[in-house]
Amino acid sequence: MFRNEARIVINRFWHSLILGLMVVSGLAMPGRAEETVGPSAESLASARAKATEFLIASQQSDGSWTSEKQPGITGLVTFALLEGGVKPDHPAVTKALKHLTAYVQPDGGIYHPETGHKNYETSITLLAFRAANTNGQYDALLKKAVEFLRGIQWDEAEGADPSQPAYGGQGYGRSKRPDLSNTAFFLEALKSSGVAPEDEAMQRALVFISRCQNLESENNTTEFASKVNDGGFYYTPAGGGNSQAGNTAEGGLRSYASMTYAGLKSMIYAGLKEDDPRVKAATSWIRKNYTVTENPGLGQQGVYYYHQTFAKALSAMKVDQFEAADGTKHDWRKELAEHLFQTQAANGSWLNKNDRWMEGDPNLATSYALMALKYCEPKTAVK
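Position in the sequence shown (first residue = 1) + 43 = the working numbering.
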């Protein structure tokens, strides 16, 4: 419906963005001596433009993507479009936001009442509304959503004792056990809302996140802490513990990359510095397992989710050249972006042939890739 108008608007936007990125990368400034990191500005802009065109064209008539009963996916696509440079007043975005407002509940949450994904859907849609809140029109909605998320965190109000593995975490909803992925989106939503690292909700979440790390310490005295002890992260210590990468013969929970990057960035959001033993241990794990071609520990499972959390974590670390365990320094922005350029389909989408966690849905996979590319813009390196 909006295809021709969308193409005109997007082409104008990307033309101006290319020029801007060229200035940042030094391409438009002959004689500039500073070292730059990141991919070609033109290639990045082209990939993002094709991705946004694909997503806009795949929007359903009611404003949703994939399913009208899954506001989490529509929220992710909307947020990805906004992160990708599409303006909040673009017809596809306004139509999506109108669709999402139908899921605003009396308790302040933004979720489908039948999915049981209260935290996940509220956290994701909050990010979309926050990114579109250019003139304060969503202030009241956002305030209530933050209050709702605080209210369903696993803490004393939910009968969780600080000594219990579930304490401080977030799951899909109140009736589910908490996990690191949902807790990471929860923290991202709080951070986008200006919640400070020292806030009680952030610090309670840090308690849970620390217990998702394979690191025996005063911060993690769970039964799993010493069984692997490699500094990586797993899905959850609650409800008997679970790692999507499986268990060791001794009953340990194997670390894997997507949760390790999610845990690391969440610790940084909660105020931990690079000299904290938990951050050091996580950094050591990713130095040994650095790659952009797979999700270490899971192969191609969840690889596009991995890409976006990889990019967010390394950006949060404020590192331009990431040094792997073998001493190789990686321009991670350039490497990630160029890998995504190579795997992008002709129609602008990305698709995971391994469809675990719904990455066989090109709307979802493309949204993750577009979110990752947001952090790959060329910049002057910090020396």
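All residues carry an ideal CB built from backbone N, CA and C; glycine is no exception.
Examine chain D for any beta-carbon lying closer than 9 Å to the beta-carbon of G211, and answer yes or no. In the structure shown, chain D does not exist; there is a single protein chain.
In three-state terms, what does DSSP make of D273? Taking the sequence shown and counting its residues from 1, the one referred to as residue 273 is at position 230. In this structure, D273 counts as coil in the three-state DSSP scheme.
Would you mind sorting S107 into buried or exposed? The rule is 16 or more other CB atoms within 10 Å of its CB. As a first step, residue 107 must be located in the sequence shown, where it is residue number 64. With 16 or more other Cβ atoms within 10 Å, it is buried.
Is N397 near V335, with beta carbons less than 9 Å apart? Counted from its first residue, the sequence shown places residue 397 at position 354. Counted from its first residue, the sequence shown places residue 335 at position 292. Cβ atoms of N397 and V335: not closer than 9 Å.
Run of the beta strand (DSSP E) containing E366, from where it starts to where it stops: Locating residue 366 in the sequence shown gives position 323, where the first residue counts as 1. Q364 to E366 is the span of the beta strand (DSSP E), which, as asked, contains E366.
Closest Cα partner of W400 within the set Q344, T423, F384 and E420: For the purposes of this step, residue 400 is taken as residue 357 along the sequence shown, with counting starting at 1. Closest option to W400, Cα to Cα, is Q344.
Endpoints, the beta strand (DSSP E) within which D150 is located: Mapped onto the sequence shown, residue 150 falls at position 107. Counting along the chain, D150 falls outside any beta strand (DSSP E), and DSSP gives it neither H nor E.
Are R330 and E366 touching if we call contact CB-CB under 9 Å? By 1-based counting over the sequence shown, the position of residue 330 is 287. By 1-based counting over the sequence shown, the position of residue 366 is 323. Yes, the Cβ-Cβ distance between R330 and E366 is below 9 Å.
Just checking, does the stretch 240–252 make contact with the stretch 201–212 on the three C-beta pairs under 8 Å criterion? Per the Cβ contact rule, the stretch 240–252 is in contact with the stretch 201–212 (3 or more Cβ pairs under 8 Å).
Cβ neighbour criterion (16 or more within 10 Å) applied to Q246: Walking along the sequence shown from the start, residue 246 turns up at place 203. Flag for Q246 reads exposed.
By Cβ distance, which residues of its chain are closer than 6 Å to K372, with the 5 residues on each side in sequence left out? Within the sequence shown, numbered from 1, the residue matching residue 372 stands at position 329. Around K372: Q364 and E366.
What is the C-beta distance between L296 and S286, in whole angstroms, given that I count them as a contact (C-beta under 8 Å)? As a position in the sequence shown, residue 296 is number 253, starting the count at 1. As a position in the sequence shown, residue 286 is number 243, starting the count at 1. Sure, about 4 Å apart at Cβ, within 8 Å.
Could you tell me which uninterrupted alpha helix (DSSP H) segments, each at least 4 residues in length, are contained entirely in the stretch 288–352, listed from first to last along the chain? Within the stretch 288–352, the complete alpha helix (DSSP H) runs of at least 4 residues fall at 300–312 and 320–331.
Taking the CB atoms as reference points, tell me whether D222 and A281 lie closer together than 9 Å. Here residue 222 is taken as the residue at index 179 of the sequence shown, counted from 1. Here residue 281 is taken as the residue at index 238 of the sequence shown, counted from 1. Taking 9 Å as the Cβ cut-off, D222 and A281 qualify as a contacting pair.
9 Å Cβ cutoff met for R173 and L185: As a position in the sequence shown, residue 173 is number 130, starting the count at 1. As a position in the sequence shown, residue 185 is number 142, starting the count at 1. In this structure, L185 lies closer than 9 Å to R173 by Cβ.
Need the endpoints of the beta strand (DSSP E) that K372 sits in, please. What you label residue 372 is simply residue 329 of the sequence shown in a count that begins at 1. DSSP places K372 inside the beta strand (DSSP E), whose first and last residues are K372 to D374.
Taking 7 Å as the limit between beta carbons, can you name the residues of its chain near A90, skipping five residues before and five after? Counted from its first residue, the sequence shown places residue 90 at position 47. Excluding sequence neighbours, A90 sits near L383, F384, Q387 and L416.
In angstroms, rounded to a whole number, what distance separates the CA positions of G69 and A244? As a first step, residue 69 is located in the sequence shown; it is residue number 26 there, counting from the start. As a first step, residue 244 is located in the sequence shown; it is residue number 201 there, counting from the start. For G69, the pLDDT reaches just 47, beneath the cut-off of 50, and the residue's location in the model is therefore unreliable, leaving the point undetermined.
Could you give the distance in angstroms between the alpha-carbon of N257 and the alpha-carbon of K138? Here residue 257 corresponds to residue number 214 of the sequence shown, with the count starting at 1. Here residue 138 corresponds to residue number 95 of the sequence shown, with the count starting at 1. For the pair N257 and K138, the Cα-to-Cα distance works out to about 44 Å.
By the 10 Å Cβ neighbour count, where 16 or more other Cβ atoms means buried, how is G74 classified, buried or exposed? Start at 1 with the first residue of the sequence shown, and residue 74 comes out as number 31. Its pLDDT being 47, under 50, G74 is placed unreliably by the model, and the measurement read from it follows with that caveat. The residue is exposed, with fewer than 16 neighbouring Cβ atoms inside 10 Å.
Select from K187, Q351, L357 and H350 the residue whose C-alpha is nearest the C-alpha of A325. In the sequence shown, residue 325 corresponds to position 282, counting from 1. For the options K187, Q351, L357 and H350, the alpha carbon positioned closest to that of A325 is the one of L357.
Would you list the residues sitting across from D222 in a DSSP beta bridge? The count along the sequence shown starts at 1 and reaches residue 222 at position 179. Looking at the DSSP assignment, D222 forms a beta bridge with Q213.
List the whole-angstrom C-beta distance separating L170 from S110, where the pair is believed to meet the contact cut-off of C-beta under 8 Å. The sequence position of residue 170 within the sequence shown is 127, counting from 1. The sequence position of residue 110 within the sequence shown is 67, counting from 1. Going by Cβ atoms, the distance from L170 to S110 rounds to 19 Å, so no, they are not a contact pair.
Give the secondary structure of Q385 by DSSP, where H, G and I count as helix, E and B as strand, and everything else as coil. By one-based count along the sequence shown, residue 385 stands at place 342. Helix, per DSSP.
Sequence-distant residues of the same chain with beta carbon closer than 7 Å to G214, five excluded per side: Taking the sequence shown and counting its residues from 1, the one referred to as residue 214 is at position 171. Excluding residues up to 5 positions away in sequence, N162, R220, P221, D222 and N225 lie with their Cβ nearer than 7 Å to the Cβ of G214 in the same chain.
Are the beta-carbon atoms of S327 and A368 separated by less than 9 Å? If you number the sequence shown from 1, residue 327 lands on position 284. If you number the sequence shown from 1, residue 368 lands on position 325. Cβ atoms of S327 and A368: closer than 9 Å.
Put K361 into one of helix, strand or coil per three-state DSSP. Here residue 361 refers to the residue found at position 318 when the sequence shown is read from its first residue. K361 carries a coil assignment under DSSP once its states are collapsed to helix, strand and coil.
Ends of the alpha helix (DSSP H) at V189? Counted from its first residue, the sequence shown places residue 189 at position 146. Element bounds for V189: D182 to I195.
Is the beta carbon of T158 less than 9 Å from the beta carbon of Q113? Counted from its first residue, the sequence shown places residue 158 at position 115. Counted from its first residue, the sequence shown places residue 113 at position 70. With respect to the 9 Å criterion, T158 and Q113 are classified as neighbours on the basis of their beta carbons.
Pairwise C-alpha distance: S410 and S86: By 1-based counting over the sequence shown, the position of residue 86 is 43. By 1-based counting over the sequence shown, the position of residue 410 is 367. Their Cα atoms are separated by approximately 18 Å.
Out of Y333, R376 and G403, which one is the CA nearest neighbour of G370? Sequence index remark: in the sequence shown, residue 370 carries index 327 (1-based). The candidate whose alpha carbon is nearest that of G370 is Y333.
Do E266 and G294 come within 9 Å of each other at the CB atom, strictly closer than that value? Along the sequence shown, one-based indexing puts residue 294 at 251. Along the sequence shown, one-based indexing puts residue 266 at 223. The answer is yes: Cβ separation under 9 Å.
When burial is assigned at 16 or more other CB atoms within 10 Å of the CB, is S301 buried or exposed? What you label residue 301 is simply residue 258 of the sequence shown in a count that begins at 1. It counts as buried.
In this structure, does DSSP put L416 in helix, strand or coil? Residue mapping note: residue 416 aligns to position 373 of the sequence shown, counting from 1. In the structure shown, L416 sits in a helix (DSSP, three-state: H, G or I).
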